[in-house]
Amino acid sequence: MSRFAFFLGEAYRALRRNAAPSIAAVVTIAVTVLLVGVLVPVLDASGSKTNDVRNQLELKVFLFNDASKGEINSLQNRIEGIQHVESVEYVSPAQALKILEQRLEDKSLLNELNSNPLPPAFNVKLDDPDNLESVQAALSPPDSTGKPQPISSAIDDIVTGEQTQAIRSVTGAVKIMLLAIAVLLGIASLFLIGNTIRLSIYARRREVEVMQLVGATNWFIRWPFVIEGIVVGMLGAGIAVGIMVVAKAIIVDPLSDDLTLIDNFNTIAFGPLIASLVIGAMALSALGSGVTLRRFLRI
Amino acid sequence: MEESHAHTRPSRPPIVELNDVTVVYPGGHVGLERVSMKIDRGEFIFLVGPTGCGKSTFIKLLLRDLEPASGSVMVAGKDINEMERSKVPMLRRRIGTVFQDFKLLPNRTVYDNVAYALQVTGTPRAEIKRQVPEILRMVGLGAKIHNYPDELSGGEQQRVSVARAFVSHPPLLLADEPTGNLDPETSIGIMQLLYRINRTGTTVVVVTHDREMVDKMRRRVVQLYDGRVIRDQSAGLYTTDESTEEFGVRVSNELGVDFGDHDGDDIGAAL
Numbered sequence: 001m002s003r004f005a006f007f008l009g010e011a012y013r014a015l016r017r018n019a020a021p022s023i024a025a026v027v028t029i030a031v032t033v034l035l036v037g038v039l040v041p042v043l044d045a046s047g048s049k050t051n052d053v054r055n056q057l058e059l060k061v062f063l064f065n066d067a068s069k070g071e072i073n074s075l076q077n078r079i080e081g082i083q084h085v086e087s088v089e090y091v092s093p094a095q096a097l098k099i100l101e102q103r104l105e106d107k108s109l110l111n112e113l114n115s116n117p118l119p120p121a122f123n124v125k126l127d128d129p130d131n132l133e134s135v136q137a138a139l140s141p142p143d144s145t146g147k148p149q150p151i152s153s154a155i156d157d158i159v160t161g162e163q164t165q166a167i168r169s170v171t172g173a174v175k176i177m178l179l180a181i182a183v184l185l186g187i188a189s190l191f192l193i194g195n196t197i198r199l200s201i202y203a204r205r206r207e208v209e210v211m212q213l214v215g216a217t218n219w220f221i222r223w224p225f226v227i228e229g230i231v232v233g234m235l236g237a238g239i240a241v242g243i244m245v246v247a248k249a250i251i252v253d254p255l256s257d258d259l260t261l262i263d264n265f266n267t268i269a270f271g272p273l274i275a276s277l278v279i280g281a282m283a284l285s286a287l288g289s290g291v292t293l294r295r296f297l298r299i
Numbered sequence: 300m301e302e303s304h305a306h307t308r309p310s311r312p313p314i315v316e317l318n319d320v321t322v323v324y325p326g327g328h329v330g331l332e333r334v335s336m337k338i339d340r341g342e343f344i345f346l347v348g349p350t351g352c353g354k355s356t357f358i359k360l361l362l363r364d365l366e367p368a369s370g371s372v373m374v375a376g377k378d379i380n381e382m383e384r385s386k387v388p389m390l391r392r393r394i395g396t397v398f399q400d401f402k403l404l405p406n407r408t409v410y411d412n413v414a415y416a417l418q419v420t421g422t423p424r425a426e427i428k429r430q431v432p433e434i435l436r437m438v439g440l441g442a443k444i445h446n447y448p449d450e451l452s453g454g455e456q457q458r459v460s461v462a463r464a465f466v467s468h469p470p471l472l473l474a475d476e477p478t479g480n481l482d483p484e485t486s487i488g489i490m491q492l493l494y495r496i497n498r499t500g501t502t503v504v505v506v507t508h509d510r511e512m513v514d515k516m517r518r519r520v521v522q523l524y525d526g527r528v529i530r531d532q533s534a535g536l537y538t539t540d541e542s543t544e545e546f547g548v549r550v551s552n553e554l555g556v557d558f559g560d561h562d563g564d565d566i567g568a569a570l
């Protein structure tokens, strides 16, 4: 206990007597945490929007009009059994007509029809649009000549949703970009914080040398630095969270009353976000101090 | 401590014993070459020789800042290169060190600098409060206890450093050019302090260039040259009467012909 008090005192002394590098570290962490704190919800929200779009992708399997109930039921079971198929929905000609009716602006057009020209169909939902090819291949595997043959004679045609391909490539690119930005941001903040801490410790490497000379053990030297790192991380994250709270209160909250876009922001709640930011900054800063010191302790 | 017995032939092992020690620096420079020597408990010994002759290597060896390429280094009968790395701090707590550049912690007061040597051993606060002012009075700094190192003169800083080295009453004290940065008068004060410390039974090893001091003290002198012991004389002078040729060799060495030397570390540190 008295030793812990001693380490706390040492950390306080170091912070006070090395004010300039300490402030530099605090500011660096504040800026980084602010950056991460703003970008994480934005990236996360755009990521989930992308996912929404991707989940709407589906395959349509059109059947011949004369397909019997038995054929339809057994085919539905077979399609449901295909790997990567999430759900299969049967759409009868009557249902298809209703859907068409809803979409049309000029409903009188339908009155011109004597009979229902729409074929029965299955809407096949996939677990992931990337599996489109494999499901398609399962629905109509190639025969001996290499031409794809539907698995059932009741199948007339298999159609991928109109924009499936386009959506798939666009959302894929968006996902990769978001991931790249997140990774770059993470690396940048690690380096930024690590470098600032390294500089502030580097200025004191002679001190570490002297401590070793009088017989201080490595952990005796290290603890004050780690505590100092925790305090610096806490101060930096505290400043950043303060700015975020104010910004949320005066910018985001009034806007979300008017704009559904922000209101529908489907992302991490504010509480867990700032909690993880503060803990992350403290851990990173403490770890940075401890690890940087390793080099000077030569272990 | 059985200090009173130290002057008679001790039954305990010598405080320092080097057996056929060779030190090779990375890059091939030989720091020490097949050096064997013994230092008994309670001795006061000067280590002299030109820059690059291996004096600082000797100090680093005893602190296990360096490991020998061959041979063994025994401190109080134990081979220090066989102990675990984690035990090195324990060794260093038993060896007081004084350096030319003082090596004080700039962010601490005189009191805290000396106290640190006790804090690392886990000495209780009350004990520290009692011992530190006492040792600072002994070195004549009772009035400057709350000053920071940069507010002190060189001689005063060296006294702080001596106080720190001696506060835990180690059996061995190593001084690497302790008067190298000080004027002759201040130097005498520091040497007197080391002499007083020796009288309490602590073995004192002084590495020095200070010819006058060595000649005045008439203690054991070990002379190193090019990594080898070339003279070991009790109650000796800095040099024996030297021929012109020897003088030429010494002067050329002192002018720094041997540039690949490790003493460069100390110069760099002093800057």
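If you're matching them up, the sequences are chains D and R in order. Taken in order, the first sequence gives residues 1 to 299; the numbers are from this note's numbering. Taken in order, the second sequence gives residues 300 to 570; the numbers are from this note's numbering. The beta-carbon is built from N, C-alpha and C at its ideal position, and this holds for glycine as well.
Counted within 10 angstroms of its Cβ, other Cβ atoms place residue i as buried (16 or more) or exposed
i: residue 424 of chain R; result: exposed
i: residue 465 of chain R; result: buried
i: residue 212 of chain D; result: buried
i: residue 242 of chain D; result: exposed
i: residue 4 of chain D; result: exposed
i: residue 246 of chain D; result: exposed
i: residue 190 of chain D; result: exposed
i: residue 166 of chain D; result: exposed
i: residue 353 of chain R; result: buried
i: residue 219 of chain D; result: exposed
i: residue 177 of chain D; result: exposed
i: residue 568 of chain R; result: A caution first: residue 568 of chain R carries a pLDDT of 40, below 50, which makes its placement in the model too unreliable to give a value.
Residues bridged to residue i (per DSSP)
i: residue 89 of chain D; result: D:123
i: residue 377 of chain R; result: R:374
i: residue 524 of chain R; result: R:527
i: residue 318 of chain R; result: R:371
i: residue 449 of chain R; result: Bridge partners of residue 449 of chain R: none, in fact.
i: residue 519 of chain R; result: R:344
i: residue 60 of chain D; result: D:123 and D:159
i: residue 396 of chain R; result: R:473
i: residue 532 of chain R; result: R:520
Test: residue i CB closer than 7 Å to a CB of chain D
i: residue 404 of chain R; result: yes
i: residue 312 of chain R; result: no
i: residue 252 of chain R; result: Since the displayed chain R opens at 300 and closes at 570, residue 252 of chain R lies outside it and no answer follows.
i: residue 419 of chain R; result: yes
i: residue 396 of chain R; result: yes
i: residue 391 of chain R; result: yes
i: residue 367 of chain R; result: no
i: residue 349 of chain R; result: no
i: residue 388 of chain R; result: yes
CB contact check: residue i to chain R, cutoff 7 Å
i: residue 214 of chain D; result: yes
i: residue 207 of chain D; result: yes
i: residue 261 of chain D; result: Unreliable positioning characterises residue 261 of chain D in this predicted model, as indicated by a pLDDT of 48, which lies under 50. The coordinate reading is nonetheless provided below. It does not: the Cβ of residue 261 of chain D has no partner Cβ on chain R nearer than 7 Å.
i: residue 210 of chain D; result: yes
i: residue 220 of chain D; result: yes
i: residue 217 of chain D; result: yes
i: residue 264 of chain D; result: With a pLDDT of 48 at residue 264 of chain D, under the threshold of 50, the modelled position of this residue cannot be trusted, and the question is left open.
Residue nearest to residue i in terms of C-alpha spacing, selected from the options
i: residue 287 of chain D; options: D:174, D:201, D:9 and D:205; result: D:201
i: residue 232 of chain D; options: D:108, D:4, D:5 and D:14; result: D:14
i: residue 253 of chain D; options: D:270, D:237, D:240 and D:239; result: D:270
i: residue 313 of chain R; options: R:374, R:472 and R:443; result: R:374
i: residue 293 of chain D; options: D:234, D:279 and D:208; result: D:208
i: residue 427 of chain R; options: R:406, R:499, R:518 and R:467; result: R:467
i: residue 332 of chain R; options: R:367, R:363, R:362 and R:339; result: R:367
i: residue 306 of chain D; options: D:223, D:109, D:121 and D:102; result: Any question about residue 306 of chain D goes unanswered here, given that chain D covers just 1 to 299.
i: residue 70 of chain D; options: D:40, D:87, D:153 and D:95; result: D:153
i: residue 523 of chain R; options: R:338, R:322, R:326 and R:350; result: R:350
i: residue 282 of chain D; options: D:250, D:7, D:175 and D:197; result: D:197
Checklist line | Interfacial residues, the region 7-19 of chain D to chain R, with Cβ spacing under 8 Å | finding: Answer set for the region 7-19 of chain D: 13, 14, 17 and 18.
Note to self: Short of 9 Å Cβ to Cβ, which residues in the region 463-493 of chain R face chain D?
What the structure shows: 463, 464 and 467
Checklist line | Interfacial residues, the region 48-71 of chain D to chain R, with Cβ spacing under 9 Å | finding: Listed by position, the residues of the region 48-71 of chain D near chain R (Cβ gap below 9 Å) amount to none.
Next item on the list: Report the residues of the region 439-462 of chain R with a CB closer than 8 Å to any CB of chain D, ordered along the chain.
Entry: none
Notebook entry, point to check: When Cβ atoms are compared, which residues of the region 20-37 of chain D fall closer than 8 Å to chain R?
Noted result: none
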